[in-house]
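Here is the structure we will look at, set down as structure tokens.
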């Protein structure tokens, strides 16, 4: 007999499937044929056996896309992201849907509170910013291991991890299900999945993009560490008794570096300055990928110097990782750059860290 939470989780998983239009689904005959073909079987299994979505908003996305098409036909684009489909980690609130973060207890609630008037009525500030520029949110993805849809694996090699915690986005982009998405990152939750799945990811500086009304596991004793006057723009730092946490930041994943540049340059002018000590600066488009020259062309006079961390002093990287780093080192040196690591400051830091 299934427990109560299993029944709730099963209903939610089935409801996700029900949101996929029938005309988009493969028939049983098509599936049977595909599975019988050796060259298709592995590719199909990456989709059928690797769930990564916790919420699908196809009808709403199509309706919004139709409105945007009409604006486009009348030469009235809504913004620089007009018509661009974007996927979100299931931490970002979107009006009309709940946010679970993979928790069964959060299904149909507002961050676990089923009585809250905010259920389905809140947009995270950065979601509102994206939609104000014409972006179309069409799904929210999981954090790779949860009791609602199970585990998400690496679509490139199903025997490996897709990384986390924004691994659902990396898996989705890797199979072509999205081209651009939002995640969150503290110590690699965007960058690790991007690396594992062969896509691109970036963790911006803390506070550079809005974290307002983004769900978080730790939400007790919320305190603002900034002046009251800045409160409307401020993200919250979370503390539990005896446990101070490093806040996560909004990060981005894409199938291309240019995709990261497009979304960051669009959001940058809207980004709040959380700290009065943070020096405001404008987006430097001339220094970005779209307008930049190859790195090899920069060797004029002084060489560039790159640092490669082969090991953090505790965990040795696997041989394939070391081989990949060596390929980077060789490529940089071949075009005249200098590759050197361990400056004195890093060595001293290592000695201090390991002497604790």
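Residue numbers (our numbering): 474 to 829.
Beta carbons are placed, not taken as given, at the ideal position from N, Cα and C, and that holds for glycine.
| Query | Result |
| --- | --- |
| Nearest-angstrom Cβ-Cβ length linking residue 732 and residue 652, presumed shorter than 8 angstroms | 6 angstroms |
| Nearest residue (CA-CA) to residue 598, options 677, 554, 566 and 789 | 566 |
| Segment contact, 8 angstroms Cβ cut-off, at least three pairs: the segment 478–496 with the segment 619–634 | yes |
| Residue 758 (DSSP reduced to helix, strand or coil) | helix |
| 6 angstroms Cβ shell around residue 579 - same chain, five flanking residues per side excluded | 573 and 585 |
| Sheet register partners of residue 561 (DSSP bridge) | 613 and 655 |
| Residue 528 burial status per 10 Å Cβ neighbour count (16 or more: buried) | buried |
| Residue 675 (DSSP reduced to helix, strand or coil) | strand |
| Contact between the segment 599–609 and the segment 625–635 (3+ Cβ pairs under 8 angstroms) | no |
| First through last residue of the beta strand (DSSP E) which encompasses residue 722 | 722–727 |
| Simplified DSSP assignment, three categories, for residue 747 | Unreliable placement is indicated for residue 747, whose pLDDT of 47 sits below 50; the coordinate value is still reported in the next sentence. In the structure shown, residue 747 sits in coil (DSSP, three-state: anything other than H, G, I, E or B). |
| Where residue 599 sits in the DSSP three-state scheme | helix |
| Bridge partner(s) assigned by DSSP for residue 586 | 583 |
| Three-way DSSP call (helix, strand, coil) for residue 487 in this model | helix |
| Three or more C-beta pairs below 8 angstroms linking the segment 527–542 and the segment 487–497 | yes |
| Counterpart residues of residue 624 in DSSP-defined beta bridges | 618 |
| CB contact flag (residue 571, residue 593, <8 angstroms) | yes |
| When 780, 799 and 743 are compared against residue 553, the one with the closest alpha-carbon | 743 |
| Straight-line Cα distance separating residue 782 from residue 789 | 11 angstroms |
| For residue 822, three-class secondary structure by DSSP | helix |
| Which of helix, strand or coil DSSP assigns to residue 691 | coil |
| Three-state secondary structure (DSSP) of residue 477 | helix |
| Simplified DSSP assignment, three categories, for residue 779 | strand |
| Residue 528 in three-state terms, based on DSSP | strand |
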